[in-house]
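Beneath this line is the structure, given in structure tokens, with notes to follow.
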Amino acid sequence: MSYTCFQALYHDGFHTEDVLALMEAFFYTPNVSLMKDRYERNCKRLEKYPYLFRRDFPPFDKLPIRFFPMMTITDTFHFMWVKGDSGNSLMFGIKW
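In the working numbering, the protein residues as written are 306 to 401.
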């Protein structure tokens, strides 16, 4: 519930920098080590996959996206935020 409230405030343009800082503190930062470990583990596995031609995966800290996990009673979603020169924007939610 609180995630959707913050998301609505952000999209309504209400103190977007403050709202995003709160969202990062409450939803992103507590999960960052788990997501970083998962990303690095997946990159190592993908490097061994013979049919994948990309081998230059960026470090986790340099990714242009951030995933904000949110749980509901029945489902888990991850919302992807894109960090860009013109600011941050919510791209889409992924049911996990």
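Glycine included, each C-beta is placed from N, C-alpha and C at the ideal position. Bear in mind that the values here come from a model prediction, so they are computed numbers and not experimental data.
Let me confirm a value: residue i is counted as buried when at least 16 other C-beta atoms fall within 10 Å, else exposed. Which label applies?
| i | result |
| --- | --- |
| Phe311 | buried |
| Tyr356 | exposed |
| Phe331 | exposed |
| Leu339 | exposed |
| Tyr354 | exposed |
| Phe319 | exposed |
| Phe372 | buried |
Would you kindly check if the distance between the Cβ of residue j and the Cβ of residue i is under 7 Å?
| i | j | result |
| --- | --- | --- |
| Phe365 | Lys349 | no |
| Asn336 | Pro374 | yes |
| Tyr315 | Val324 | yes |
| Arg403 | Glu352 | Because the chain spans 306 through 401 in this model, residue 403 falls outside it and cannot be assessed. |
Of all the options the options, which has the alpha carbon lying nearest to the alpha carbon of residue i?
| i | options | result |
| --- | --- | --- |
| Pro363 | Pro374, Phe372, Glu345 and Phe373 | Glu345 |
Practice task
Only counting runs of 4 or more residues, tell me where the alpha helix (DSSP H) segments fall wholly within the region 336 to 370, in order along the chain.
Solution key: 337 to 353
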